[in-house]
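Position one of the sequence shown corresponds to residue 36 (our numbering), numbered consecutively onward.
Down below is the structure, laid out as structure tokens.
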Amino acid sequence: MLNIALCCGQITHQRFRNIIESKQLSQIELKRNLTQYDFSGLFTQTDNSTVYGFIGNNCNRLRIKIITITKDLSNPDTYNVYGKSMVNNNVNDFHGYIKISGILKLKVTEHGCENDSLYEGYKGEFSIIGNYFLSENAEQKHAGIFKGLFRSDYFIDKNNYIRYDNIEYCSDGYANNQFVGQWISNKTKLIKTCNWGDYRIPKSGDLDIGAGEFSPNEKYLQFGWQSIRDEGTQSSPNLKAAKQIEAAKWWE
Numbered sequence: 036m037l038n039i040a041l042c043c044g045q046i047t048h049q050r051f052r053n054i055i056e057s058k059q060l061s062q063i064e065l066k067r068n069l070t071q072y073d074f075s076g077l078f079t080q081t082d083n084s085t086v087y088g089f090i091g092n093n094c095n096r097l098r099i100k101i102i103t104i105t106k107d108l109s110n111p112d113t114y115n116v117y118g119k120s121m122v123n124n125n126v127n128d129f130h131g132y133i134k135i136s137g138i139l140k141l142k143v144t145e146h147g148c149e150n151d152s153l154y155e156g157y158k159g160e161f162s163i164i165g166n167y168f169l170s171e172n173a174e175q176k177h178a179g180i181f182k183g184l185f186r187s188d189y190f191i192d193k194n195n196y197i198r199y200d201n202i203e204y205c206s207d208g209y210a211n212n213q214f215v216g217q218w219i220s221n222k223t224k225l226i227k228t229c230n231w232g233d234y235r236i237p238k239s240g241d242l243d244i245g246a247g248e249f250s251p252n253e254k255y256l257q258f259g260w261q262s263i264r265d266e267g268t269q270s271s272p273n274l275k276a277a278k279q280i281e282a283a284k285w286w287e
């Protein structure tokens, strides 16, 4: 289980790689040079229907929505976050922060899935690594604290703008914004493993049995994943209802 003490201070790149398998990254640390950029847009781009997460030993479905994220004017490596979480239809507000510990460049850049002008002349792909701490509203039911480590990938375009790294979006196993950590109950102090990410979930064990894209294992469907299975099955009698569930703006 993740050592929570690590989340309160600097983490090592090697320790992080042991928790989330990353791409081939350079050892040259770029944080000092790149904190001039605003990375907030990386965390709100993906449609919530493809942000997947689980919590606990039964892999209960967790839904996370970052509603607002802003760069801290006094601490350029820190981003203040507001959002909502949902497990078993229980929705909680949370506030917290994302803190950058390092920025590394990919050794080998990708060519992309399509001939898109957005990728022409881009100046490299990069990974942000760091810590997160998100505290749910203590006055709400089943509230707790999310804390752990994250990795987010981006590229710099030819005009020096930060872009969410979807260059290899069409590749099997594509993922971004990978969060690994724990949830700690305010009331009971119970600790549960809790991971989420865009398109795929890091360290998800046998939950995800998909090849090209996320697909929940049948053994976990009863824990909130049935609508995803139904949505991906054209012959399912629950197809229409499943699409509505997945498209719903549950955080509003």
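Backbone N, C-alpha and C define an ideal beta-carbon position, used for all residues, glycine too.
- Here the C-alpha atom of residue 190 lies approximately 10 Å from the C-alpha atom of residue 77.
- Residue pairing of residue 231 in beta bridges, as defined by DSSP: 88 and 214.
- Rounded to whole angstroms, the gap between the alpha carbons of residue 218 and residue 183 is 9 Å.
- Nearest neighbour of residue 79 by Cα position, chosen from 67, 104 and 73, turns out to be 104.
- Looking at the backbone, the Cα of residue 166 and that of residue 134 are separated by about 5 Å.
- Shown here, residue 171 sits in a strand according to DSSP, grouped into three states.
- Contact between residue 249 and residue 213 is absent: CB atoms are separated by about 13 Å, not below the 8 Å threshold.
- A distance of 8 Å or more separates the beta carbons of residue 169 and residue 122.
- Distance from the CA atom of residue 180 to the CA atom of residue 157, rounded to whole angstroms, is 38 Å.
- The beta-carbon separation of residue 88 and residue 236, rounded to 6 Å, stays under the 8 Å limit for a contact.
- Looking only at 176, 101 and 109, the smallest Cα-Cα distance to residue 220 is reached by 176.
- Residue 119 sits close to residue 102, with the two beta carbons spaced by under 8 Å.
- The beta-carbon distance between residue 234 and residue 252, rounded to whole angstroms, is 17 Å. This is too long to meet the 8 Å contact definition.
- Separation of residue 71 and residue 140 (C-alpha to C-alpha, rounded to the nearest whole angstrom) is 16 Å.
- Boundaries of the alpha helix (DSSP H) around residue 265: 261 to 266.
- Annotation for residue 278: the continuous alpha helix (DSSP H) segment containing it runs 274 to 282.
- Rounded to the nearest angstrom, the gap between the Cα atoms of residue 261 and residue 94 is 13 Å.
- Judged by DSSP secondary structure, residue 68 falls within the alpha helix (DSSP H) whose first and last residues are 66 to 69.
- Residue 173 holds the alpha-carbon nearest to the alpha-carbon of residue 128 among 173, 206, 216 and 65.
- In the displayed model, residue 76 falls within a helix according to three-state DSSP.
- Selection 90, 73, 98 and 91 evaluated against residue 108 yields 73 as nearest (Cα-Cα).
- Burial state of residue 229 is buried, judged by a 10 Å Cβ sphere holding 16 or more other Cβ atoms.
- Contact between residue 259 and residue 67 is ruled out by a C-beta separation of about 42 Å, above the 8 Å threshold.
- Contact annotation: residue 75 and residue 106 have beta-carbon atoms nearer than 8 Å.
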